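Numbering (our numbering), first residue to last: -12 to 395. Since the structure comes first, as structure tokens, the remarks are kept for the end.
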Amino acid sequence: MVPRPKFQTVQRRTAEPSRARKQAVFVATAPLRSRLGNGFGISSTRISRALLGMALGVVFPISAAGDLPHAVAVADDVADRVMLFDPHTGSYIGDLFPGDDQNLAAPFDVEIGPKIKVGQTTYNDTVLVGDLRNQRIVAYDGVGAAFLKELISDVTVRGLAYAPDGRLLVAAGYAGVRAYESNGTFVETRVAPDVMEGPYNAWDVLVRPFANDGQGDLLVSDTTLDIILRFDLTGQRLDTFAKLPSFTFVEQLAARENGDILAVDVFGGAVHEFTSGGTWLRKIMVTRPRGVFELFNGNLLIASEAGVQEFDGNDGTLIETEMAGFPQSAPRYLRYLRCRTPAVRGDLNGDAVVNSFDIDPFVLALSDPDAFAQQYPLVERGCVADVNRDGKVDAYDIDPFVDLLIGE
């Protein structure tokens, strides 16, 4: 198992902050507020970590999302395991759990799981694994690696994603896109199958909370009609996002930080890149690719028949093979074990932009994670407040947050 950071002790306030403390926090953030308000553009302005820490009177928690590993997870169909890769460099750092052929037959996709109670024990940090051959979704303890339970049965599971309403979306092949509560209860068919217009055979669903003029949308890949379709968050059809003559089995979809969309074309032997509006930009030729993730260094981590490899994010040049492919591994979809849905770093109030209105929720995210979760239930603290992307939300995120605000 890969060592994982633990929580430091957090000194939480048990009463309403005093007027003096509130004033201290206000003073600590005043230079930044002033800059945003009058547009002076003084690049040297910073919020002092020490001043903010003293003003709040806390020891900042060092973990962003419980004890889940700060990693990109990749299901391996050969060894029935989940591999972990560094989200910055793409390097292989270990396995979430060793091969489990007792509970898995064809692991295909991985997602962050809900809190799960088994017996008298509640597991706060879980990981879901979609099993293509067994047609079910199972849960593992994300810390101890133990198999917990079958969460969803009788579903032709391909890609997994979370809708902004918190429900788990499952690209379920000929059954369209199905929505489930966190306890595994089926809710509805969010995107109905359509043999003529698609999706005939849904293999992945990508949630874009801020697309569609801020209303959000869903991109669904269809491997039978070789098309990527666009729906609103309720599942109503909008239009065709992309359809190329070369498409020959489009599986995973992923978003880059700049909003561009990556589409994995398995038998077309390429990873295609599109603008957020669906205009084709380029392709990277890869032997039977299955999954893709943009690393924090801007390069692309691609899972394929050749293994898990890092490619230059600009020109598509192969940089390094991080894990050998078949017969050693058969990697599938790639998921980052921090963010359930795409988010804007530094957007602490969830309005899709980073500005002065994010200062107060940022302070709250640092000082009182529980209060932040209550006030901003739809914002993932571990995604947006971990501005320096080290897997922790702490004082070292303050300066990077200021840089985002002043555009440096």
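Positions of the beta carbon are idealized from the N, C-alpha and C atoms, including for glycine. Nothing here was measured: the structure is a model prediction, and the numbers come from that model.
So what does DSSP say about residue i, is it helix, strand or coil?
i: residue 363; result: coil
i: residue 94; result: strand
i: residue 389; result: helix
i: residue 140; result: strand
i: residue 229; result: strand
i: residue 242; result: strand
i: residue 149; result: strand
i: residue 293; result: coil
i: residue 208; result: strand
i: residue 379; result: coil
i: residue 357; result: helix
CA-CA distance, residue i and residue j?
i: residue 330; j: residue 276; result: 25 Å
i: residue 352; j: residue 368; result: 7 Å
i: residue 237; j: residue 251; result: 5 Å
i: residue 75; j: residue 385; result: 20 Å
i: residue 120; j: residue 341; result: 43 Å
i: residue 185; j: residue 235; result: 15 Å
i: residue 172; j: residue 297; result: 38 Å
i: residue 346; j: residue 379; result: 18 Å
i: residue 299; j: residue 354; result: 38 Å
i: residue 362; j: residue 316; result: 43 Å
i: residue 213; j: residue 231; result: 8 Å
i: residue 364; j: residue 136; result: 26 Å
i: residue 393; j: residue 247; result: 24 Å
i: residue 144; j: residue 122; result: 6 Å
i: residue 187; j: residue 140; result: 21 Å
i: residue 244; j: residue 281; result: 8 Å
i: residue 335; j: residue 377; result: 17 Å
i: residue 348; j: residue 194; result: 24 Å
i: residue 45; j: residue 124; result: Unreliable placement is indicated for residue 45, whose pLDDT of 43 sits below 50; no coordinate value is reported for it.
i: residue 12; j: residue 80; result: Residue confidence for residue 12 is low, a pLDDT of 44 falling below 50, so the modelled location carries little weight and cannot support an answer.
i: residue 303; j: residue 156; result: 31 Å
i: residue 227; j: residue 328; result: 22 Å
i: residue 36; j: residue 372; result: In this prediction, residue 36 scores a pLDDT of 43, lower than 50, which makes its location untrustworthy; the coordinate-derived value is nonetheless stated afterwards. Distance between the alpha carbons of residue 36 and residue 372 is about 15 Å.
i: residue 267; j: residue 229; result: 8 Å
In terms of residue numbering, what span does the alpha helix (DSSP H) encompassing residue i cover?
i: residue 352; result: 346 to 354
i: residue 369; result: 368 to 371
Near residue i, what residues of its chain come up, given a Cβ to Cβ distance below 7 Å and the 5 sequence neighbours on each side ignored?
i: residue 272; result: 256 and 257
i: residue 314; result: 65
i: residue 387; result: 374 and 375
i: residue 174; result: 154, 166, 167 and 168
Note down, in chain order, each residue of its chain lying with its Cβ closer than 6 Å to the Cβ of residue i, except the 5 sequence neighbours on either side.
i: residue 24; result: Low local confidence applies: a pLDDT of 44 at residue 24 is under 50, so the model's placement there is unreliable, with the coordinate-based value given in what follows. Within the same chain, residue 24 has no close Cβ partners at all.
i: residue 366; result: 337
i: residue 312; result: 292, 293 and 294
i: residue 117; result: 95, 96, 124, 144 and 147
i: residue 222; result: 177 and 178
i: residue 55; result: 112, 129 and 324
Residue i: which of the options sits nearest, CA to CA?
i: residue 163; options: 155, 178 and 71; result: 178
i: residue 324; options: 101, 91 and 85; result: 101
i: residue 319; options: 97, 86, 248 and 91; result: 97
i: residue 95; options: 371, 291, 282 and 196; result: 291
i: residue 370; options: 70, 90, 99 and 82; result: 99
i: residue 333; options: 301, 360, 322 and 390; result: 390
i: residue 383; options: 150, 357, 350 and 279; result: 350
Can you list, in chain order, the residues of its chain with a C-beta nearer than 8 Å to that of residue i? Leave out the 5 residues immediately preceding and following it.
i: residue 219; result: 199, 202, 203, 204, 205 and 225
i: residue 88; result: 67
i: residue 254; result: 235, 236 and 275
i: residue 113; result: 99, 100, 101, 102, 103, 126, 127, 128, 129 and 135
Considering just the uninterrupted stretch of the beta strand (DSSP E) at residue i, what are its terminal residues?
i: residue 258; result: 257 to 261
i: residue 158; result: 155 to 158
i: residue 193; result: 189 to 195
i: residue 216; result: 214 to 219
i: residue 175; result: 173 to 178
i: residue 83; result: 79 to 84
i: residue 72; result: 68 to 72
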